[in-house]
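K.L.:
Questions regarding the structure given below will be posed in turn.
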Amino acid sequence: MRATVLRTQTSAAARRPGRLILTGLAILVASFVVFGTVLVQQITERTVRANLSGTPAATDLVIGSTDVPPPTVRDVPAIRAVPGVAEAVARVSTGVAIGPGYLNLQADPGTGPLSTVRVIEGRYPDQPGEIAITPRTAERLGLSVGTTTTGTGGELTTPTRLTVTGMVDTAADAGYDAYAPESAVISWARLTAVERVDVRVAPGTSTEVVRQRLTAVVADQPVGTGGEVRQAEADAAAEEVGKLFILVGVFVSIAVVAAALVVTSTFRIVFAQRMRQLALLRAVGANRGTLVGALTAEGALTGLVAGVVGVGGALALGYALPAVLRASGMAVSSPGLPVATAVSVVIGAIVVTVLAVLAPAFSAARVSPLEALRAASTTAGRRGIGVPRLVSGLLLAAGAVLAAMGTISQLPTPEQSNYNPTMPLFLLVASGGSAFFALVTLGPLLVRPVLAVVGWPLRQLGPLGRMAVGGIGGAPRRAAAVSVVVALGVTLISGVVIGGASLQLLADREMALSAPTDFEVTSSDGALPEAVVARAGAGSAALARLVPYRRLDDVTLLRGADRLGNVESGYPTNDLDLGALPTTGELDVAQGSLADRGRGRIVVNSWVARDAGLRAGDTVTLARAGRTVDVRVAAVLPGDGPLHAGILTDPADLDRLGAPSAYTGLLADAAVAGEDGRTAGVRALRQAIGGADGVGLAVLADERDRTDALVRTLVWIAVGLVGLTVLIAVVGVGSTTALSVVERIRESGLLRAIGLSRTGLRTMLTVESGLYGVIGATIGLLIGVPYGWLAIQTLGVNAPLTVPVLPLAGLFAALVGLTALAGVLPARRASRVSPVAALGTDG
328 MRATVLRTQT
338 SAAARRPGRL
348 ILTGLAILVA
358 SFVVFGTVLV
368 QQITERTVRA
378 NLSGTPAATD
388 LVIGSTDVPP
398 PTVRDVPAIR
408 AVPGVAEAVA
418 RVSTGVAIGP
428 GYLNLQADPG
438 TGPLSTVRVI
448 EGRYPDQPGE
458 IAITPRTAER
468 LGLSVGTTTT
478 GTGGELTTPT
488 RLTVTGMVDT
498 AADAGYDAYA
508 PESAVISWAR
518 LTAVERVDVR
528 VAPGTSTEVV
538 RQRLTAVVAD
548 QPVGTGGEVR
558 QAEADAAAEE
568 VGKLFILVGV
578 FVSIAVVAAA
588 LVVTSTFRIV
598 FAQRMRQLAL
608 LRAVGANRGT
618 LVGALTAEGA
628 LTGLVAGVVG
638 VGGALALGYA
648 LPAVLRASGM
658 AVSSPGLPVA
668 TAVSVVIGAI
678 VVTVLAVLAP
688 AFSAARVSPL
698 EALRAASTTA
708 GRRGIGVPRL
718 VSGLLLAAGA
728 VLAAMGTISQ
738 LPTPEQSNYN
748 PTMPLFLLVA
758 SGGSAFFALV
768 TLGPLLVRPV
778 LAVVGWPLRQ
788 LGPLGRMAVG
798 GIGGAPRRAA
808 AVSVVVALGV
818 TLISGVVIGG
828 ASLQLLADRE
838 MALSAPTDFE
848 VTSSDGALPE
858 AVVARAGAGS
868 AALARLVPYR
878 RLDDVTLLRG
888 ADRLGNVESG
898 YPTNDLDLGA
908 LPTTGELDVA
918 QGSLADRGRG
928 RIVVNSWVAR
938 DAGLRAGDTV
948 TLARAGRTVD
958 VRVAAVLPGD
968 GPLHAGILTD
978 PADLDRLGAP
988 SAYTGLLADA
998 AVAGEDGRTA
1008 GVRALRQAIG
1018 GADGVGLAVL
1028 ADERDRTDAL
1038 VRTLVWIAVG
1048 LVGLTVLIAV
1058 VGVGSTTALS
1068 VVERIRESGL
1078 LRAIGLSRTG
1088 LRTMLTVESG
1098 LYGVIGATIG
1108 LLIGVPYGWL
1118 AIQTLGVNAP
1128 LTVPVLPLAG
1138 LFAALVGLTA
1148 LAGVLPARRA
1158 SRVSPVAALG
1168 TDG
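Residue numbers for the sequence shown, in our numbering: 328 to 1170.
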């Protein structure tokens, strides 16, 4: 009997491959995502290994390592004299402070197989004091071929002449790169050691023999092969890729859990549609264990087919995409053929599907043989949950609350400097996991009250709206199973959106403090020449605004005769005019208001406030060199002050403290956005600086751009990863709607028979599908917003908490739209069924 039932169920599933694929569609997508992730990791690692090594391909041997003292300058001639050495290049770099700014001077031969640069203008240096620079460096520092400047670097402390003899092209141009032969760099900077020596072996000579000879010459230095060094460099880059894909794996695992929940829901619908058949099998002698085995085997077959199709699709795309990218000129490697991984993914798909089908199978196997006498082949789903499930759900909810309270109790205080987020993060994850499983357990009880609220507007729209809401409310277990997956995706995305917005505000605040404008002009002796300020302020179409400021480092705080704080030398103080800066709006305050600043009122950073025991509204005395000024604290900043100031005061108060009239620095903005506007601004300020000694120009906008790009990249990566769960949820909505159409075919026929048009039926079913998204998105936002806030606090980054209303509203609308779209095709199918044919079925 067992074999007969098993053959009956599996053959019936095999005869309807469309239904089989539809049932396992979520597993198919999950298999595609899992195996696709493996292939993407292989593509990324192979591309990194092939393209991101800094050692030239012609390098046969490398002398030196970061683990031992570097080779000396005296070692280089001895290395070149070793028989079999065709070329030896010493790699060394040194920072150079020049009048206009900073250079990273690197040793490179300029020509030959071991060179990493290519001359594009002028000639390559060959004497000490000669350099070649990159195009972006030329633009940023106002240098050109033939320009002469002075600088100090390495062991050289006296400013010495540097002449630009050429322009070179490199793999990366940071805007402060210069190159020269090793002899010129070593001689000019008076260096005594190099970082390493790259060796090219003469053709026809054994690399191993030369390696042994070199080992005898530099016995205290490791001698590795070029291949080993390139492999180590590639491994280091690939290790970073591996760390990223560990995070990817976490989100993929969440997507697999979501797929299992969707599959459980779809199998409940499928088995409910076959209750009469299952009852007949019970009537002819099949016991419950036999039915469970047969239904589980059907689930295993579904997992096998879905896994094979998903893996096959991922493999096809994984090989096609790199080929297309290579055809367009991009250096992208192809993945390998991880057969063992592919088999593991298929087996995993089978296991996950079997685990997902167990609960529906046990529930379906409890059908009574008398059910065979029913007129319909389907049976209505249960609406409530049992007492054990209710108790489990309440315990999980209580555990989530307790873990969240534990997280809150361990959040860092403003004064805490040694905060370790490990335990709070662990408690937060435990709380989130408990909350999710509590939602899974109690979902059928939550659907109806949530539906009562979110479905109210639809019920006011007429019969179609009321029927759509009733269709969801009539099967709360099914609605809960699908909506919970949607809620999981929305919770993750909303948490990422809130976290990203908070981190962006933090980055904006930090940049408003450390890089409030595009450029900063400073002097090494602490005072800008008046001529530089005058020329900069004379007017230039390349600059939008100029904000000079003064800075003092020895201002102390008094209350009466008592000195406040523990800093002996005083607090750094400046008179920067925040009202003249475009980034003032990015600043937030911990206490008080920035609008209250002015003469007799100061703004202090959080550290000064804690150290001196100050709060907004307190009165205090500024003191310097025997002079005092009574002021009131207008605001306390949550972190550092502008340009790392501890105290921000009015220029008149700084005058009363005896500050020199000469400006310490000058801030400026480019008049035009983008690289061209920034370059024009640099040139204008270079002209203003002229030949002033010790005056330097820093391009603060570069740092701001790097920070913004990093935050945006991290947020989009996170959104893309959690989007996997949303994709599974949308697939689940589509498959659930499609299967429920079959279950409710008589209902659809009856509605058509009493006058409902095809358009009306399509609209009703599409709205039902969208309601899954409404319920899930509502629950997801209710959970995601507080957990997003808590996650930011747990990281201890002092980011301001914010709710980005428009992005979250867009997320809500997008999820509702996607889930409604997932029901369009099933709704069209249902509307095509003839009312007579529908009423003639027993479904």
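We put the beta carbon where it would ideally sit given N, CA and C, even for glycine.
Note that the coordinates shown come from a computational prediction; the quantities given were computed from them, not determined experimentally.
1. How many angstroms separate the CA atom of Leu785 from the CA atom of Ser1084?
2. Rank Val1053, Ala1000 and Leu1054 by C-alpha distance to the C-alpha of Ala1028 and give the top, closest one.
3. If you follow the alpha helix (DSSP H) that Pro776 is in, where does it begin and where does it stop?
4. Does the contact criterion of 3 or more C-beta pairs under 8 Å hold for the region 812-832 versus the region 775-794?
5. Using DSSP bridges, identify the partner residues of Phe846.
6. Can you grab the Cα-Cα spacing for the pair Leu631 / Ile581, in whole Å?
7. Run the CB neighbour count on Ile447, radius 10 Å, all protein chains shown included, and call it buried at 16 or more, exposed below.
8. To which residues of the same chain is Thr374 closer than 6 Å at the C-beta, ignoring the five residues directly before and after it?
9. Taking a contact to mean a Cβ-Cβ separation below 8 Å, would you say Ala779 touches Ile354 in this structure?
10. Which residue's Cα is closest to the Cα of Ile825: Leu941, Ala972, Pro1113 and Ala385?
11. Can you check the region 393-466 for any beta strand (DSSP E) of at least 3 residues that lies completely inside it and give the ranges in chain order?
12. Return helix, strand or coil for Thr918, following the three-state DSSP convention.
13. Can you have a look at Glu466 and say buried or exposed, based on whether 16 or more other CB atoms are within 10 angstroms of its CB?
14. Am I right that Val767 and Leu588 are in contact with their C-beta atoms under 8 Å? What's the rounded C-beta distance?
15. With a threshold of 6 Å on Cβ separation, who are the neighbours of Tyr898 within its own chain once the five nearest residues in sequence on each side are excluded?
16. How would you call Met838, buried or exposed, if buried means at least 16 neighbouring beta carbons within 10 angstroms?
17. Below 8 Å between beta carbons: does that hold for Arg877 and Asp915?
18. Write down the C-beta distance between Gly502 and Thr464 rounded to the nearest angstrom, noting that I regard them as a contact closer than 8 Å.
19. Going by beta carbon distance, what residues of the same chain come within less than 6 Å of Ile1106, once the five residues before and after it are set aside?
20. Could you give the DSSP three-state label for Met732: helix, strand or coil?
21. Please state the DSSP three-state secondary structure of Ile674.
22. For Thr479 versus Thr485, is the C-beta spacing smaller than 8 Å?
23. Below 6 Å CB to CB, which residues in the same chain sit around Ala688 once its five sequence neighbours on both sides are set aside?
24. Give the straight-line distance between the Cα atoms of Leu729 and Asp835, rounded to the nearest whole angstrom.
25. Does the region 1076-1091 come close enough to the region 729-739 that 3 or more CB-CB pairs lie under 8 Å?
26. Cutting at 7 Å between CB atoms, please list the residues of its own chain near Val1151, excluding the five before and the five after it.
27. Could you spell out where the beta strand (DSSP E) holding Gly480 opens and where it closes?
28. Suppose you measure from the CA of Thr492 to the CA of Pro462; what does that come to, to the nearest Å?
29. Would you mind sorting Gly953 into buried or exposed? The rule is 16 or more other CB atoms within 10 Å of its CB.
30. DSSP has Met494 in a bridge; who is on the other side?
31. By Cβ distance below 6 Å, which residues in the same chain neighbour Ala586 in space, the five residues on each side in sequence not counted?
32. For Leu785, does the three-state DSSP call read helix, strand or coil?
33. Compare the Cα-Cα distances from Phe763 to each of Leu772, Ala727 and Phe753 and report the closest residue.
34. How should Met657 be labelled, buried or exposed, when 16 other C-beta atoms within 10 angstroms of its C-beta is the threshold for buried?
35. How is Tyr1099 classed by DSSP in three states: helix, strand or coil?
P.N.:
Well, looking at it:
1. If you number the sequence shown from 1, residue 785 lands on position 458. If you number the sequence shown from 1, residue 1084 lands on position 757. Cα to Cα, the separation comes out at about 19 Å.
2. Sequence index remark: in the sequence shown, residue 1028 carries index 701 (1-based). Of the listed residues, the one whose Cα sits closest to Ala1028 is Ala1000.
3. By one-based count along the sequence shown, residue 776 stands at place 449. Segment Thr749 to Val781, the alpha helix (DSSP H) holding Pro776.
4. no
5. By one-based count along the sequence shown, residue 846 stands at place 519. Under the DSSP definition of a beta bridge, Phe846 partners with Ala995 and Val1026.
6. Taking the sequence shown and counting its residues from 1, one reaches residue 631 at position 304. Taking the sequence shown and counting its residues from 1, one reaches residue 581 at position 254. Straight-line Cα distance between these residues: approximately 21 Å.
7. The count along the sequence shown starts at 1 and reaches residue 447 at position 120. It counts as exposed.
8. Counting from one through the sequence shown, the residue named residue 374 turns up at place 47. Answer for Thr374: Val659 and Ser660, listed in chain order.
9. Sequence index remark: in the sequence shown, residue 779 carries index 452 (1-based). Sequence index remark: in the sequence shown, residue 354 carries index 27 (1-based). No.
10. The residue given as residue 825 occupies position 498 in the sequence shown. Among Leu941, Ala972, Pro1113 and Ala385, the Cα nearest to that of Ile825 is on Pro1113.
11. 412-418, 420-425, 428-434, 445-449 and 457-460
12. As a first step, residue 918 must be located in the sequence shown, where it is residue number 591. At residue 918 the sequence reads Gln, which differs from the Thr that was named. Here Gln918 sits in strand by DSSP.
13. Locating residue 466 in the sequence shown gives position 139, counting from the first residue. Glu466 comes out buried.
14. Here residue 767 refers to the residue found at position 440 when the sequence shown is read from its first residue. Here residue 588 refers to the residue found at position 261 when the sequence shown is read from its first residue. At roughly 7 Å, the Cβ-Cβ gap stays under 8 Å, so Val767 and Leu588 are in contact.
15. For the purposes of this step, residue 898 is taken as residue 571 along the sequence shown, with counting starting at 1. Around Tyr898, the same chain offers Val882, Val935, Gly973 and Ile974 as residues with beta carbons nearer than 6 Å, after the five sequence neighbours per side are excluded.
16. Here residue 838 corresponds to residue number 511 of the sequence shown, with the count starting at 1. It is buried - the Cβ of Met838 has at least 16 other Cβ atoms within 10 Å.
17. The count along the sequence shown starts at 1 and reaches residue 877 at position 550. The count along the sequence shown starts at 1 and reaches residue 915 at position 588. Going by C-beta atoms, Arg877 is not nearer than 8 Å to Asp915.
18. As a first step, residue 502 must be located in the sequence shown, where it is residue number 175. As a first step, residue 464 must be located in the sequence shown, where it is residue number 137. The Cβ separation is near 6 Å, so the contact holds.
19. Mapped onto the sequence shown, residue 1106 falls at position 779. Closer than 6 Å at the Cβ level, and outside the excluded window around Ile1106, lie Ala814.
20. Looking up residue 732 in the sequence shown gives position 405. In the structure shown, Met732 sits in a helix (DSSP, three-state: H, G or I).
21. In the sequence shown, residue 674 corresponds to position 347, counting from 1. In the structure shown, Ile674 adopts helical secondary structure according to DSSP, grouped into three states.
22. Position 152 of the sequence shown, counting from 1, holds the residue named residue 479. Position 158 of the sequence shown, counting from 1, holds the residue named residue 485. Cβ atoms of Thr479 and Thr485: closer than 8 Å.
23. Within the sequence shown, residue 688 is the residue found at index 361, counting from 1. The answer, listed in chain order, is Val619, Leu622 and Thr623.
24. Mapped onto the sequence shown, residue 729 falls at position 402. Mapped onto the sequence shown, residue 835 falls at position 508. If you take the alpha carbons of Leu729 and Asp835, they lie about 34 Å apart.
25. no
26. The residue you call residue 1151 lines up with position 824 of the sequence shown. Scanning its chain for C-beta atoms nearer than 7 Å, with the 5 sequence neighbours on each side dropped, one finds around Val1151 the residues Thr1093, in chain order.
27. Here residue 480 refers to the residue found at position 153 of the sequence shown. Gly480 -> beta strand (DSSP E) spans Thr475 to Gly480.
28. For the purposes of this step, residue 492 is taken as the residue at position 165 of the sequence shown. For the purposes of this step, residue 462 is taken as the residue at position 135 of the sequence shown. Cα-Cα distance, rounded: 13 Å.
29. The residue given as residue 953 occupies position 626 in the sequence shown. Exposed, by the Cβ-count rule.
30. In the sequence shown, residue 494 corresponds to position 167, counting from 1. Per DSSP, Glu448 and Ile460.
31. Your numbering for residue 586 matches position 259 in the sequence shown. Counting only Cβ-Cβ distances below 6 Å, and skipping sequence neighbours, we find Ala353, Ile354, Ala357 and Ile1055.
32. Within the sequence shown, numbered from 1, the residue matching residue 785 stands at position 458. Reduced to three states, the DSSP call for Leu785 is helix.
33. In the sequence shown, residue 763 corresponds to position 436, counting from 1. Considering only Leu772, Ala727 and Phe753, the residue with the shortest C-alpha distance to Phe763 is Ala727.
34. For this step, residue 657 is matched to residue 330 along the sequence shown. Looking at its Cβ environment, which holds fewer than 16 other Cβ atoms inside 10 Å, Met657 is exposed.
35. As a first step, residue 1099 is located in the sequence shown; it is residue number 772 there, counting from the start. Reduced to three states, the DSSP call for Tyr1099 is helix.
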